[in-house]
Amino acid sequence: MSEIFKNIPEIKFEGKDSTNPLAFKHYDADRVIMGKKMSEHLPFAMAWWHNLCATGTDMFGSGTADKSFGTEKGTMEHAKAKVDAGFEFMQKLGIKYFCFHDVDLVPEAEDIKETNRRLDEISDYILEKMKGTDIKCLWGTANMFSNPRFMNGAGSTNSVDVYAFAAAQIKKALDLTVKLGGRGYVFWGGREGYETLLNTDVKFEQENIAKLMHMAVDYGRSIGFEGDFYIEPKPKEPMKHQYDFDAATAIGFLRQYGLDKDFKMNIEANHATLAGHTFQHDLRISAINGMLGSIDANQGDTLLGWDTDEFPFDVYEATKCMYEVLKNGGLTGGLNFDSKNRRPSYTVEDMFYAFILGMDTFALGLIKAAELIEDGRIDEFVKEKYSSWNTEIGQKIRNNKTTLEELFHYAEEIGAPELPGSGRQEYLEAVFNNILFK
Ligand code: XLS
Ligand code: CA
Ligand code: CA
């Protein structure tokens, strides 16, 4: 098989003074940070759909990038060329994981039996490819949003036949995920939501989504899938309102329907900001609920109201993300670059520049997050901020050993509380800058 990205060498770490655009400045895979190699802290993954399939098509124009890899699109030859390109791409960058939707791998046929035959063929080919490498599958999923049949959702559809079809796709995508040794299985509720409540039975739809997820868990466990199932929250787009609005909403849903033992969150940066949160917020909410599993790493443009899936370059955000990840003790999943090149960045070099940017951004974020933790000033401040809770009355409240009446008498005794200590936000932001730019 011939080399596809001919002018691109293997990307190496050259250090922060390097000006070579085809080298890492911060991502040094074997460097040990807080007792673990960078490559273990940062299980980077390539998203099959953006990197190997998307050409930059938008609603105003056709694609700008050529992702035919020298073959005719819509054929199995093209599907295999994407595998070849993907593996060469990952190997040149030292990326150890990939994520896929079923229909990213092969062209969907008219009949599901033929689509599944194609999926068997391509997954055999991928397995063969994996053998000579240390590349693995991070997670798999089923695309239940592109085909017109899913216009009213998959688990939330009004059509029982479409629901059954979605179930069949999930079964096959789980088979593939297990076959490829995937760490996780993702549900992104693309069209699980509504355009208007005038035509929507929300309770019925949510119950049906939960039933589908239960069937997926039962089937997955029955075929030996031991990984986590993930919900990837997103508040809107394509639907006006999506049921998995944000981490808090998705966690509430999982608990309501008894799915919380098998599911965790896959938090996407750009989805969190679309929900009106910071990326760090949704990571923290997931983490404190024991449900921070995996991350789709990208960034949005806060001046735009839609999902722009840009490659991350914001080191502040990456640092805050890795701070949450370190505090969480790592991820069961990884960091998937669900990011795409801007439409005018259509060359092969741009594909590599984008991943180098993203990987370096998170590597720098990891370095700085570890420094923030080791520095200790932020942790120290937070500990001090809540120190009044170490008093007798504070401990009684924390240990459920008091009553409203006792607190009433306590309040009467003190007369009026002093002002709580300063929040010191500006001091803490200065500490953050101090670490970031030292
Ligand atoms: C789209 C989502 C999607 C999921 C997988 O906005 O990010 O790509 O990650 O279906
Ligand atoms: Ca997205
Ligand atoms: Ca995503």
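Here the sequence shown stands for residues 14 to 451, numbered as in the numbering used here. Where is the CB? At the ideal position from N, CA and C, for every residue including glycine.
Checklist entry - DSSP three-state call for isoleucine 17: helix, strand or coil? => result Against the sequence shown, residue 17 aligns to sequence position 4. Correct three-state label for isoleucine 17: coil.
Checklist entry - What are the start and end residues of the beta strand (DSSP E) that includes glycine 83? => result Position 70 of the sequence shown, counting from 1, holds the residue named residue 83. First-last for glycine 83: undefined, no H or E at that position.
Item to check | Nearest-angstrom Cβ-Cβ length linking aspartate 351 and aspartate 322, presumed shorter than 8 Å | outcome: Within the sequence shown, the letter at position 338 stands for residue 351. Within the sequence shown, the letter at position 309 stands for residue 322. Confirmed, about 6 Å.
Checklist entry - Taking the DSSP output, what are the residues bridged to tyrosine 138? => result Here residue 138 corresponds to residue number 125 of the sequence shown, with the count starting at 1. Answer is none; tyrosine 138 lacks a bridge partner.
Checklist entry - Is glutamate 218 near ligand 1, in the sense that its beta carbon is under 8 Å from a heavy atom of that ligand? => result Position 205 of the sequence shown holds residue 218. No, since every heavy atom of ligand 1 falls outside the 8 Å radius drawn around the Cβ of glutamate 218.
Checklist entry - What are the boundary residues of the alpha helix (DSSP H) that includes glutamate 281? => result The residue given as residue 281 occupies position 268 in the sequence shown. Premise fails: glutamate 281 lies in the beta strand (DSSP E), 276–281, not in any alpha helix (DSSP H).
Checklist entry - Which whole-angstrom value describes the C-beta separation of lysine 247 and tryptophan 201, a residue pair presumed to lie in contact below a C-beta threshold of 8 Å? => result Position 234 of the sequence shown, counted from the start, is the residue given in the question as residue 247. Position 188 of the sequence shown, counted from the start, is the residue given in the question as residue 201. Right, the Cβ-Cβ distance comes to about 7 Å (below 8 Å), so this counts as a contact.
Checklist entry - Is alanine 8 helix, strand or coil when you go by DSSP? => result Since the first residue shown for the chain is 14 and the last is 451, residue 8 is missing from the structure and cannot be characterised.
Item to check | Between the CA atoms of glutamate 220 and glutamate 431 - distance to the nearest angstrom | outcome: Start at 1 with the first residue of the sequence shown, and residue 431 comes out as number 418. Start at 1 with the first residue of the sequence shown, and residue 220 comes out as number 207. The alpha-carbon atoms of glutamate 431 and glutamate 220 are separated by roughly 49 Å.
Next on the checklist: Check for me: the alpha helix (DSSP H) holding serine 299 runs from which residue to which?
Outcome noted: Mapped onto the sequence shown, residue 299 falls at position 286. Run containing serine 299: 292–301, per the alpha helix (DSSP H) assignment.
Next on the checklist: Using a 10 Å radius around the Cβ and a threshold of 16 neighbouring Cβ atoms, would you call threonine 170 buried or exposed?
Outcome noted: For the purposes of this step, residue 170 is identified with residue 157 of the sequence shown, where counting begins at 1. So threonine 170 counts as buried.
Checklist entry - For the candidate residues Gly318, Gln269, Asn156, Phe266, whose alpha-carbon lies nearest to that of histidine 290? => result Translated into the one-based positions of the sequence shown, residue 290 becomes position 277. When each option's Cα is compared against that of histidine 290, the closest is Gly318.
Item to check | Nearest-angstrom Cα separation, counted from methionine 304 out to leucine 106 | outcome: In the sequence shown, residue 106 corresponds to position 93, counting from 1. In the sequence shown, residue 304 corresponds to position 291, counting from 1. Distance between the alpha carbons of leucine 106 and methionine 304: 29 Å.
Item to check | Inter-residue Cα distance where the pair is histidine 294 and methionine 278 | outcome: The residue given as residue 294 occupies position 281 in the sequence shown. The residue given as residue 278 occupies position 265 in the sequence shown. Taking the straight line joining both Cα atoms gives about 13 Å.
Item to check | Rounded C-alpha distance that separates cysteine 66 from threonine 360 | outcome: Along the sequence shown, one-based indexing puts residue 66 at 53. Along the sequence shown, one-based indexing puts residue 360 at 347. If I take the Cα positions, the gap works out to 14 Å.
Next on the checklist: Suppose the cutoff is 6 Å on Cβ atoms and the five residues either side in sequence are ignored; what does the same chain contact list for phenylalanine 326 look like?
Outcome noted: On the sequence shown, residue 326 is found 313 positions in, with the first residue counted as 1. Counting only Cβ-Cβ distances below 6 Å, and skipping sequence neighbours, we find Leu370, Thr374.
Next on the checklist: Taking 5 Å as the limit, name every residue whose beta carbon sits nearer than that to some heavy atom of ligand 3, in sequence order.
Outcome noted: Glu281, Asp309, Asp351
Checklist entry - Where does asparagine 160 sit, in a helix, a strand or coil, going by DSSP? => result Taking the sequence shown and counting its residues from 1, the one referred to as residue 160 is at position 147. Coil at asparagine 160, not helix or strand.
Checklist entry - Can the beta-carbon of lysine 149 be found less than 9 Å from the beta-carbon of aspartate 97? => result The sequence position of residue 149 within the sequence shown is 136, counting from 1. The sequence position of residue 97 within the sequence shown is 84, counting from 1. Their beta carbons are not under 9 Å apart, which means lysine 149 does not touch aspartate 97 by this criterion.
Item to check | Completely contained beta strand (DSSP E) runs for the stretch 185–251, where each covers 3 or more residues | outcome: 197–200, 241–244
Next on the checklist: Given this structure, state the Cα-to-Cα distance separating histidine 82 from lysine 25, to the nearest angstrom.
Outcome noted: Against the sequence shown, residue 82 aligns to sequence position 69. Against the sequence shown, residue 25 aligns to sequence position 12. A small fix is needed here, since residue 82 is phenylalanine in this sequence, not histidine. Using only the alpha carbons, I get a separation of about 24 Å.
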